[in-house]
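One line per chain: the protein sequences are F and P, in this order. In this text, residue positions in the first sequence follow the numbering used here: the first is 5, and each later residue adds one. In this text, residue positions in the second sequence follow the numbering used here: the first is 5, and each later residue adds one. No residue lacks a Cβ here, since even glycine has one placed at the ideal position from N, Cα and C. I have placed the structure first, in the form of structure tokens, so that the comments after it can refer back to it.
Number of protein chains: 2
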Amino acid sequence: MEPSQSYPSPDMSDVQLVDVLRALADPIRLEIVRHLADGTAHPKTSDLWPFDVQKSTLSHHFKTLRESGLTRTIVNGRQHDIQLRKAELDERFPGLIDSVLRG
Amino acid sequence: MEPSQSYPSPDMSDVQLVDVLRALADPIRLEIVRHLADGTAHPKTSDLWPFDVQKSTLSHHFKTLRESGLTRTIVNGRQHDIQLRKAELDERFPGLIDSVLRG
DNA sequence: GCCATTGTTCGATTACGGTCAAACTATTTC
DNA sequence: GAAATAGTTTGACCGTAATCGAACAATGGC
Chain F
5 MEPSQSYPSP DMSDVQLVDV LRALADPIRL EIVRHLADGT AHPKTSDLWP
55 FDVQKSTLSH HFKTLRESGL TRTIVNGRQH DIQLRKAELD ERFPGLIDSV
105 LRG
Chain P
5 MEPSQSYPSP DMSDVQLVDV LRALADPIRL EIVRHLADGT AHPKTSDLWP
55 FDVQKSTLSH HFKTLRESGL TRTIVNGRQH DIQLRKAELD ERFPGLIDSV
105 LRG
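Shown next as structure tokens:
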């Protein structure tokens, strides 16, 4: 099988700061990004997240994060993992992610 | 006359990151903040800003920035100056403003 | 005092985004 | 193949926010 790179994320060179900021400017998405701070891939399974929203809402937030350039999705069978694009973001917007994770 | 501290800005200790991010997550406001990067106070005079919006809209954005904690307003006669709260923001959210100004 | 200047506020309109419920897709398991 | 699991998509609803135009307020200059 192919090393599954489904669900397209934008090239980091195309990512605009204002769009990243908009993606971060929501309580749930900001919290998700903080959970992803360790750099590892986390399953999207809604039970594992501490939010009181439906899984369709969570799915919407995951999509917003991915399309903004903040995360990538790794498909593994029927499980989808989400991962912060930390290294790329650090190169494109130095200091931004660290300051957000710290705040 | 009093050294005019009209137009209240929130205490920086009360400022939440997500609210700062929301204020920054607009093209016009982000551009305003970048113009304020030099740290000096700029008049709100709409003719001096390169935006194709009405002055009432610009006034709304200035208000949003101030209420989010990003700026302060200095009243000087009939001219209002706006200033980035750089030092306070640097202490509250280290690295955030610098990364936004750089991006 | 009158007028121009500078900016705010108000009301209306419109667009966008977060949320839910339900239907749908894909994958694994039995 | 059927059922269960993991997640997405769609459509509707609703609150919020961006925008405009007009009215309003405050100040400075004459």
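- Where residue 47 of chain F falls: helix, strand or coil (DSSP): strand
- Query: Below 9 Å between beta carbons: does that hold for residue 74 of chain F and residue 24 of chain F?
  - Reply: yes
- Message: Closer than 8 Å is the cut-off here; do at least three beta carbon pairs connect the segment 32 to 51 of chain P with the segment 82 to 91 of chain P?
- Response: yes
- Query: Do you know how far the Cα of residue 13 of chain F is from the Cα of residue 33 of chain P?
  - Reply: 26 Å
- Pick out whichever of F/41, F/19, F/53 has its Cα sitting closest to the Cα of residue 95 of chain F. F/19
- Item | Rounded C-alpha distance that separates residue 69 of chain F from residue 103 of chain F | 18 Å
- Query: So with Cβ pairs under 9 Å, would you call residue 102 of chain F a contact of chain P?
  - Reply: yes
- Coarse secondary structure for residue 82 of chain P, derived from DSSP in three states: coil
- Item | Where residue 107 of chain F meets chain P, residues with beta-carbon distance less than 7 Å | 21, 97, 100
- Of all the CB atoms in chain F, is at least one closer than 9 Å to the CB of residue 17 of chain P? no
- Task: Can you say whether residue 91 of chain F is buried or exposed, counting buried as having 16 or more other CB atoms within 10 angstroms of its CB?
- Result: exposed
- So what does DSSP say about residue 74 of chain P, is it helix, strand or coil? coil
- Between residue 25 of chain P and chain F, is there a C-beta pair that is closer than 9 Å? yes
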